[in-house]
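Protein chains in written order, with the UniProt record's numbering: chain A, 1 to 580; chain B, 1 to 503.
All C-beta atoms in this analysis are idealised placements derived from N, C-alpha and C, irrespective of residue type, glycine included.
Note that the structure is a prediction, hence the values are computed from the model and not measured.
Structure record follows, encoded as structure tokens.
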Amino acid sequence: MPVVDVDPDELRYLTGHDEKDDDELKSDLFNLGLEFEGWTEDDEFQLEFAPDRLDRLSVEGVARSLRYHYGDDRGVDIPNTNSADWTIEVEDQPDERPYVTGAIVRGLDMDEAALESLIQLQEKLHATMGRKRAKGAIGVHDLTMLKGNSVTDETGKSITYTSADPDEATFVPLDADAEMTPSEVMASHETGQTYGDLVADFDRVPAIYDAIGLFSFPPVINGRRTEVSVDSRDLFIEMTGTDQWTIDHMCNIVCYALAARGGQVEKVDVSYADDAPGEYAGKTLERPDFSVRTKTVTHDRIESILGVSLDSREVIDYAERAGLDATETESDDGMAYEVEVPPYRVDVIHPLDIIDDIGRALGFNSLEPTYPDVSTVGGRHERSRLEDAARDALVGLGFEDLLNFHMTNEVENFERMGLGPDTTGGDVVGQTDPVTIQEPYSEDYTILRTWALPSIMMVLENNTHRSYPQDLAEIGLAAGLDDSENTGVAEHRTVAAALARTDASYEDAKARLQALADAFDKNLETPPTTHPSFIGGRAAEVVLDGESVGVIGEIHPKVLVEHDLELPVAAFEFRLDALE
Amino acid sequence: MKRPQAQVAVLQAADAQKDRRIDDVAAEADLKPEAATRAAFELEADGLVSVSEETLEHYELTDEGDRYVRESLPEQDLYEAAIDAGAADGPVQMGQVIGASGLEGGAVDIALSNYARKAYGSIDSGEITANQDADPGSDPEMLALEAVADRRVEDADTDALDQLERRGHLDVREETVRSVQLTDDGVTALMEGVEAAETVDQLTPEMLTSGEWEDVAFTEYNVEADAEDVSHGKEHILRQTANRVKDTLVGMGFSEMEGPHADAQFWINDCLFMPQDHPARTHWDQFALEEPEEIGHLPPDLVERVRSAHKEGVGPDSEGYHSPWTEDIARGMDLRGHTTSLSMRYLSGHQVGELDPPERYFSVEKVYRNDTLDPTHLLEFFQIEGWVMAEDLSVRDLMGTFTEFYEQFGITDLEFKPHYNPYTEPSFELFGTHPETGEVVEVGNSGIFRDEVLTPLGVDCDVMAWGLSLERLLMLMYGFEDIRDVHGTLCDLELLRETEVIR
């Protein structure tokens, strides 16, 4: 879940509630769903919250939510915007990253705290909506350092989002003091090494130019020339990405945060060339797009989901307290509300999300629980009943029931049991092609087990210091590849048991297997077989009602020694469904 | 009359005229004193003997007392040395006398203090005189010591005994001595003849069928002795907890689901309206499979409806996500990260046929998360999953159902913290009060499935669902601190053996 660092003094300043002490703030924040996780080294609150309200990724957004919560603000608030003076020309930009958006914010008087908050918001948006910059990346520039190309109407200024040859274009990136090409940045600059992979496969890399030259290499790094400092008063914000909606909304969140700092938002025209890749060729978009979205919610659905009766005045009140505007209307399904959603709310994508907002404003915990008045008949699944019955029988025979991981590795599952790594060893229990994990992190967990006796052998190995006899059993999942299954995996429950004691013998194991078979009214036969995990001449197939379903025998000494065991083990394993 | 062997022996050894100590009776009858005592009481209960008790003081020499009785008391040594030095005739230098007596250390002080007390002479200004008339040879304390040593304590002077106890030469302990005497009934019984009944170690089938058991006495066991340890069959603690949960849910009208552990991302994520570029769908959180790489078949109509829900939303004013969606990703095989994949299969009608409201379903089964192993996190764990399908469910119904469920496990004062899940709205994290510690702890996650989840599945009523980890419930209920001790091949058999069963 996202974590945001917030200075409580900033919060008091931005909400206008100097009287709130830290504890009151924490409690108010908790009620909003922002949990205090601890203090940062700089004495800031570390707040954790669910990843829906990405407009709360900065102190400005958190303060805005608090002001609604306190009732200081109501309804939708749209910052004023001045008309566009600058244009982002879009031409020959990379197909893989076709979209760009932007905004200008003027008249900022930023202190260190405000600048830090802006940097944090950028980072957090990159990590969440921006999908680590792959989907959207933000560049913030000092406007005074940009020199606009003259545009067609000759009064405006422009920058250009385009592409560049990674080995020819040069600029001085942030945290560097020499001209570098994009290729050099990707190879040797720290930030370049982190984000270079996003564009490494591109023939030509994303690039933004002004009249002076290249000043940004998105999504990797900005140029040093336009670096923002506390002295920067006017900012040019650009965002590039793979989805216009996403970067436009990231831009809205940033503009709202800067407007809360007293900045004046100014529009920017995003002008896609007629032959530009992407959905907007030949179109000019005016950004930021602060238009509100409207959703219609029926009164019935609100009452039905929340389980309470409300009048329309209350619904409208709760909506406004949530920072929405609602007006009563008629729909095919009766009384309804047209609800306006502000441009920073990226989480509202369905009328249900409005109902959730209304519920939060009303206070879910004030609702009285009711037990749903519908009756159903419950029951266990047949498979789990069988499994339980077999487990009860094993426990009755004196076995200690185990619960092991389904994930294991080839060494434990095959090699240490004397089996080969694939089916070439023959058709014996456990010898099946396993389900394998992609790029496993741990060598211990690379496959799903094909049988359960290896797990029991591991438990015996880890418990040689415990008293004997150790009569252990497990009923659990085993799986193997099987083309005839829709998933490509044959999963079955397997019954495995082992007797580890100084006098353990084949007969001891068979006696218990016989008792189990009898309990389920199955006819047991044990024709001799060979299995690499068992002693030759002391291993047999488990045949239940004429079907070969498993193996029984005395574990081979080489397997015992491999598991550091100093006493004999007799064991059996067979498919649970044979007891059906 | 037949009586057990020990009773017969006591009866025969007892006297009608005088008390006999049970110890003596036991010695004569070749019984252990405890057995004779027990027999005497049994006989007394039947009125054949009377048992009397007296408390005796029993003297024993301490190590020090034992040494003195074999050698001599320190004051005697001193007196002898003083006489030899001529102290009977006049004062002699003390140092000289002590040196000659061979006394050392604490014995010197003991000798000096008792020397004067017993009027062996006097000590003044570092000089010692000896009383010619004193008779250390008949020292009463020495005589008493000898009497105790010879077990003739009755000959000893009581004052001397007290003095010796104070000096730490004697230990005195009290002893209860029991004696028996035949009663008139006992005499009569003896006259009529008493036979010893035989005693047996083991009750045998033959004794039962022959009726012989009526005439035998059973050898007595030491019933307080420790017995050998028995390891017994036992259901795994987590299985017991799972079954407890299953019982509870079945009792609440829920039916159990069943389905694949290895499944397509489609059922695990896409049906749940998780965008394909959602951070939790990266390799870092889920176990993607190398083999098999993708599922064989997905229902094409459903795939199209799910795709459309992701791209365009469902119903009016629904937007869907601004994220890419491809069937290739949906077909990819994973180990399920939650059993909600089963809920999707059931709700879609592809598992057990179309479902009509009302329905309640549950599962308590394994799920897999690519997490770091630590005391509270495992790569695979059990998820409790449940859902209710009905017309017009509200968040209050959700609260009521979960309140009821958690109360079965002692978790009360449930709080519903509004939360966000991609697949439910409204969503709640559930917090409850820990039954033992009283702490407020997170106990689950819940919500009402979104239209974007239900509409593609063809469900047109409400479905509310919740999930929590079984291990978490176990830890809450029974206070386990490291889940690895119970789950997996690192388990400690001793812990499993000793763990209290789940009720």
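{"Query": "Name the residue from P568(A), E547(A), I78(A) whose alpha carbon lies nearest to the alpha carbon of P557(A).", "Result": "P568(A)"}
{"Query": "Residues of chain B with a CB under 9 Å from the CB of H299(A): which are they?", "Result": "Within chain B, no residue comes near H299(A); the closest Cβ sits about 14 Å away, beyond 9 Å."}
{"Query": "Taking 7 Å as the threshold (C-beta atoms), are F236(A) and I119(A) in contact?", "Result": "no"}
{"Query": "Listed in chain order, which residues of the stretch 241-255 of chain B have Cβ atoms closer than 8 Å to some Cβ of chain A?", "Result": "N243, K246, L249, V250, G251, M252, G253, F254, S255"}
{"Query": "Quick check: A336(A) and T327(A), are their CB atoms within less than 7 Å of each other?", "Result": "no"}
{"Query": "When burial is assigned at 16 or more other CB atoms within 10 Å of the CB, is F572(A) buried or exposed?", "Result": "buried"}
{"Query": "At which residue ranges does the stretch 215-264 of chain B contain complete alpha helix (DSSP H) runs of 4 or more residues, listed in the order of the chain?", "Result": "237-251"}
{"Query": "Tell me where the beta strand (DSSP E) around S52(B) begins and ends.", "Result": "49-61"}
{"Query": "Cβ closer than 9 Å: which chain B residues qualify as neighbours of M407(A)?", "Result": "F287, L335, Y368, L379, E380"}
{"Query": "From the DSSP output, which residues share a beta bridge with T487(A)?", "Result": "Its beta-bridge partners do not exist; DSSP assigns none."}
{"Query": "Look at the alpha carbon of P456(B) and the alpha carbon of P299(B), and state the distance between them as a whole number of angstroms.", "Result": "12 Å"}
{"Query": "On a Cα-Cα basis, can you pick out the residue from E54(B), P4(B), S50(B) that is closest to L31(B)?", "Result": "P4(B)"}
{"Query": "Which residue or residues does DSSP assign as beta-bridge partners of A336(A)?", "Result": "T298(A), T329(A)"}
{"Query": "Let's see if you can read the secondary structure: which residues bound the alpha helix (DSSP H) around I316(A)?", "Result": "312-321"}
{"Query": "Confirm, please, whether the CB-CB distance from E91(A) to Q273(A) is below 7 Å.", "Result": "In the sequence on display, residue 273(A) carries Ala and not Gln. Yes; because the gap between Cβ atoms is below 7 Å, this pair is in contact."}
{"Query": "Output the distance between the C-alpha atoms of T363(B) and L499(A), rounded to the nearest integer angstrom.", "Result": "Residue identity differs from the one stated: residue 363(B) is Ser in this sequence, not Thr. Spanning the two alpha carbons is a distance of roughly 32 Å."}
{"Query": "Give the residues of chain B in contact with K135(A), contact being defined as C-beta atoms less than 7 Å apart.", "Result": "D277"}
{"Query": "Relative to the alpha-carbon of V559(A), which residue among S304(A), R261(A), S271(A), L453(A) has its alpha-carbon at the smallest distance?", "Result": "L453(A)"}
{"Query": "Take the Cβ of V100(A) as the centre, count every other Cβ of all protein chains shown within 10 Å, and call the residue buried at 16 or more, exposed below.", "Result": "buried"}
{"Query": "For the stretch 313-328 of chain A, enumerate the residues whose C-beta is nearer than 7 Å to any C-beta of chain B, in chain order.", "Result": "none"}
{"Query": "Roughly how many whole angstroms lie between the Cα atoms of S341(B) and T408(A)?", "Result": "23 Å"}
{"Query": "Taking the C-alpha atoms as reference points, what is the distance between A144(B) and D157(B)?", "Result": "6 Å"}
{"Query": "Can you list, in chain order, the residues of its chain whose CB lies under 7 Å from that of H126(A), leaving out five sequence neighbours each side?", "Result": "K132, R133, A137, I138"}
{"Query": "Can you tell me whether T494(A) is helix, strand or coil according to DSSP?", "Result": "strand"}
{"Query": "Give a yes or no on whether the minimum CB-CB distance between I295(B) and chain A is below 7 Å.", "Result": "yes"}
{"Query": "Would you grab the beta carbon distance between L54(A) and V4(A) for me? Rounded to a whole angstrom, and I think it's under 8 Å.", "Result": "Actually they are not in contact, since the Cβ atoms of L54(A) and V4(A) sit about 10 Å apart, beyond 8 Å."}
{"Query": "What whole-angstrom Cβ distance do I88(A) and V270(A) have, given they're in contact under 8 Å?", "Result": "5 Å"}
{"Query": "In whole angstroms, give me the CA-to-CA distance for D226(B) and P33(B).", "Result": "23 Å"}
{"Query": "Using a Cβ cut-off of 9 Å, which residues of the stretch 400-414 of chain B contact any Cβ in chain A, in chain order?", "Result": "G400, T401, F402, T403, E404, L414"}
{"Query": "So with Cβ pairs under 7 Å, would you call S394(B) a contact of chain A?", "Result": "yes"}
{"Query": "Identify every residue that forms a DSSP beta bridge with F236(A).", "Result": "I104(A), H141(A)"}
{"Query": "D485(B) CB to nearest chain C CB: under 7 Å?", "Result": "Looking for chain C here will not work: the only protein chains present are A and B."}
{"Query": "Hey, L347(B) and V459(B): beta-carbon distance below 7 Å or not?", "Result": "yes"}
{"Query": "May I have the straight-line CA-CA distance separating Y368(B) from G480(A), to the nearest angstrom?", "Result": "17 Å"}
{"Query": "Nearest-angstrom Cα distance between R70(B) and L61(B)?", "Result": "11 Å"}
{"Query": "If you count every other CB in all the chains shown that lies within 10 Å of the CB of E385(B), and 16 or more means buried, which is it?", "Result": "buried"}
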